[in-house]
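*Asks:* First the structure, which I've put down as structure tokens, then a few questions once you've had a look.
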Amino acid sequence: MSFYEGLVYARKSPLWGKLAYFLLKLLGVEIPCTVEIGPGFLLHHGGMGVVIHPKSVIGTRVSIYPGVTLGRADVYRPASASRFEGIVVGDEVILGSGAKILCAEGILRLGRGTVVGANAVLTESTGEGEIWAGIPARKIGMRDFGEGGA
2 MSFYEGLVYA RKSPLWGKLA YFLLKLLGVE IPCTVEIGPG FLLHHGGMGV
52 VIHPKSVIGT RVSIYPGVTL GRADVYRPAS ASRFEGIVVG DEVILGSGAK
102 ILCAEGILRL GRGTVVGANA VLTESTGEGE IWAGIPARKI GMRDFGEGGA
């Protein structure tokens, strides 16, 4: 586990949580304390520019590269008027550099093993093992899990 991932998990500590959160912010990573993150989380290359909405849930063995955003697609509305409920990232998901996962209403779900390519803008839920790319993102293939999972 890298220093950055250690800080991500330390956000939940009653004693060190706020310090860990502010250190991450100083390093250019915005992951609020309300975000639940499963084991095996990887924040590649320090995660500079990563922004995750407080209503997000992240599964196990998720890889996030720099510049990724998980958030509301309706930022033109006041938060109180938004129909956004959250983003759920399944296990073994890979979010490429600069990927934007944006939800306008309800809950956007990324299925287990989903891959979102670099700089893609994804505004809909995905199924298991799907590969998405482009602006707007569209399904371009399926991930081969091979033997032993992802």
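For the sequence shown, the numbering used here begins at 2 and goes up steadily by one.
Virtual Cβ for every residue (Gly too), placed ideally from N, Cα, C.
Since the model is a prediction, treat every value here as computed from it, not as a measurement.
(1) Quick check on the DSSP output: the alpha helix (DSSP H) that includes Lys19 runs from which residue to which?
(2) Straight-line CA distance for Leu16 to Pro33?
(3) Measure the Cβ-Cβ separation of Leu44 and Glu6 and say whether it is below 7 Å.
(4) Is it right to say Glu131 is buried, meaning 16 or more other beta carbons lie within 10 angstroms of its own, or is it exposed?
(5) Out of Lys19, Tyr10, Gly128, which one is the CA nearest neighbour of Arg110?
(6) Answer with buried or exposed for Leu20, where buried requires no fewer than 16 other C-beta atoms within 10 angstroms of its C-beta.
(7) Pick out whichever of Glu106, Phe4, Thr35, Lys13 has its Cα sitting closest to the Cα of Arg73.
(8) Among Cys104, His54, Pro79, Thr115, which one has its Cα closest to the Cα of Leu96?
(9) In the DSSP assignment, find the unbroken beta strand (DSSP E) run with Val58 in it and report its ends.
(10) If you reduce the DSSP assignment to three classes, tell me which class Ser81 lands in.
(11) So, with DSSP's three-state summary, where would you put Val51?
*Replies:* For this structure:
(1) 18 to 27
(2) 16 Å
(3) yes
(4) buried
(5) Gly128
(6) exposed
(7) Glu106
(8) Thr115
(9) 57 to 59
(10) helix
(11) coil
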